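Student:
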Amino acid sequence: MVLDLHKTCGYVFDDKTYCQFFSNEKLQNIFVELWRELARRYAKYSDFIAFELLNEITAKETAEIWNRIADRTIKAIREINSDVKIIIGGYFNSSIEGLLMLKKPVDENIIFTFHCYSPLLFTHQSAYWVENMPSDFKLSYPGTVEQYREKCREFFGGDYDNEFDYDGGIIDTSFFERMFKIALNVSEKYDVPLYCGEYGVIDKADPESTVRWFADIHAALEKYNISRAVWCYKKKDFGITDEHYAEILPEIIKYL
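For the sequence shown, our numbering gives the first residue as 247, with consecutive numbering after it.
Written out as structure tokens, the structure is:
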């Protein structure tokens, strides 16, 4: 079981106006004390529980600040318990890119996490909360790299160009292998386990494309032996037990 703090005083990943946490020491103190209390209550169950410090840091400019806050919090938890697993993600919503700026783990009980919704244009098609995403946009999977890149630039400018730094003409398993190899390099450099804490497809995507996406990402995760948890079990526009997935759920289960 993962205790994953999705919000803290002064920060929530989906509200750009609520980010005082990274500049306010008082709010950081509250965060550390909160984790002290969670450790007092739950770290004794370390044989089956892990702590994820904070969900989806967003801005790159907060990466070094986040490293310092995380280090301080880990030390506070370790005063109470030495072996509970602690999970840390990087900036840009726990992106693989964000892993590159995380510090070397302070001990052997640290896990690095990343989330993978690539290509975002497919997995979040028509998502109302994605800025500049048309509410009626539809896209099948797989597609050509050029097709996806052009649409991303049309909607989001160059924000997602790094997703398509890829030699293949078609987005398929090798697309994910290329991304995950970057994460694997960080894992090997620091001798730290990897955990893909979120991946999935919005219920606006057509079911056949969804199955193909799950098959491709599954093959890459299996190749690199990366632990993972699909987002999500029910509701929240991604629930695999909801009506949208009913006909394809047996197929998707093969790829979890």
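For glycine and all other residues, C-beta sits at the position ideal for the given N, C-alpha and C. Since this is a predicted model, take the numbers as computed values, not measurements.
Where do the N-terminal and C-terminal ends of the beta strand (DSSP E) with F297 fall, by residue?
Tutor: Start and end: A296 to E298.
Student: What is the rounded straight-line gap between the Cα of L300 and the Cα of L367?
Tutor: The straight-line gap from Cα to Cα measures roughly 25 Å.
Student: Three Cβ pairs or more, each shorter than 8 Å: is that satisfied between the segment 309-323 and the segment 399-407?
Tutor: Cβ pair count under 8 Å is below three, so no.
Student: Is it buried or exposed for M425, if we count other Cβ within 10 angstroms and need 16 for buried?
Tutor: Looking at its Cβ environment, which holds 16 or more other Cβ atoms inside 10 Å, M425 is buried.
Student: On the premise that L249 lies in contact with F297, defined as a C-beta separation below 8 Å, what is that separation, rounded to the nearest angstrom?
Tutor: That belief holds up - the Cβ atoms of F297 and L249 are roughly 5 Å apart, short of 8 Å.
Student: My output table needs one value for I448: the three-state DSSP class, helix, strand or coil.
Tutor: Correct three-state label for I448: coil.
Student: Threshold first: 4 residues or longer. Then list the alpha helix (DSSP H) segments lying entirely within the segment 403-455, N to C.
Tutor: Within the segment 403-455, the complete alpha helix (DSSP H) runs of at least 4 residues are 419-436.
Student: Counting Cβ pairs closer than 8 Å, one from the segment 352-365 and one from the segment 331-342, do we hit at least three?
Tutor: Because the criterion of three Cβ pairs below 8 Å is met, the segment 352-365 and the segment 331-342 touch.
Student: Can you confirm whether the segment 481-500 touches the segment 445-462 when touching is taken to mean that 3 or more C-beta pairs between the two stretches lie within less than 8 Å?
Tutor: Segments in contact, yes.
Student: What does the Cβ neighbour count give for T224, buried or exposed, with the cut at 16 atoms within 10 Å?
Tutor: Any question about residue 224 goes unanswered here, given that the chain covers just 247 to 502.
Student: Assign V278 to one of three DSSP states: helix, strand, or coil.
Tutor: In the structure shown, V278 sits in a helix (DSSP, three-state: H, G or I).
Student: Measure the alpha-carbon distance for V330 versus M247 and round it to whole angstroms.
Tutor: Spanning the two alpha carbons is a distance of roughly 12 Å.
Student: Does DSSP put I334 in a helix, in a strand, or in coil?
Tutor: The answer is strand: DSSP assigns I334 an E or B state.
Student: Taking the alpha-carbon of P351 as reference, which of E434, C442, N471 and E279 has the nearest alpha-carbon?
Tutor: Considering only alpha carbons, the answer is E434.
Student: Would you identify the three-state DSSP class for H361, choosing helix, strand or coil?
Tutor: It is a strand residue.
Student: How long is the line joining the alpha carbons of E310 and M347, rounded to whole angstroms?
Tutor: In a straight line, the C-alpha of E310 is about 8 Å away from that of M347.
Student: Return the chain-ordered list of same chain residues with a C-beta closer than 8 Å to the C-beta of G389, the five sequence neighbours on each side being excluded.
Tutor: The residues are F368, I416 and I417.
Student: What do you get for Q371, buried or exposed, if any count of 16 or more other CB atoms within 10 angstroms of its CB means buried?
Tutor: Buried: at least 16 other Cβ atoms inside 10 Å.
Student: Output the boundary residues of the alpha helix (DSSP H) element that contains D317.
Tutor: From DSSP, the alpha helix (DSSP H) with D317 extends over A309 to R324.
Student: Suppose the cutoff is 6 Å on Cβ atoms and the five residues either side in sequence are ignored; what does the same chain contact list for L430 look like?
Tutor: Excluding residues within five positions, the ones whose Cβ falls inside 6 Å are Y470.
Student: In whole angstroms, give me the CA-to-CA distance for K500 and A465.
Tutor: Using only the alpha carbons, I get a separation of about 11 Å.
Student: From F421 to F268, what does the alpha carbon distance come to, in whole angstroms?
Tutor: For F421 and F268, the distance between alpha carbons rounds to 34 Å.
Student: Given this structure, state the Cα-to-Cα distance separating S455 from E497, to the nearest angstrom.
Tutor: So the two alpha carbons sit approximately 12 Å from each other.
Student: From which residue to which residue does the alpha helix (DSSP H) around L495 run?
Tutor: It spans L495 to I499 - the alpha helix (DSSP H) in which L495 sits, taken as one unbroken run.
Student: If you draw a straight line from the alpha carbon of E392 to that of P365, how long is it in whole angstroms?
Tutor: Their backbone Cα atoms lie some 12 Å apart in a straight line.
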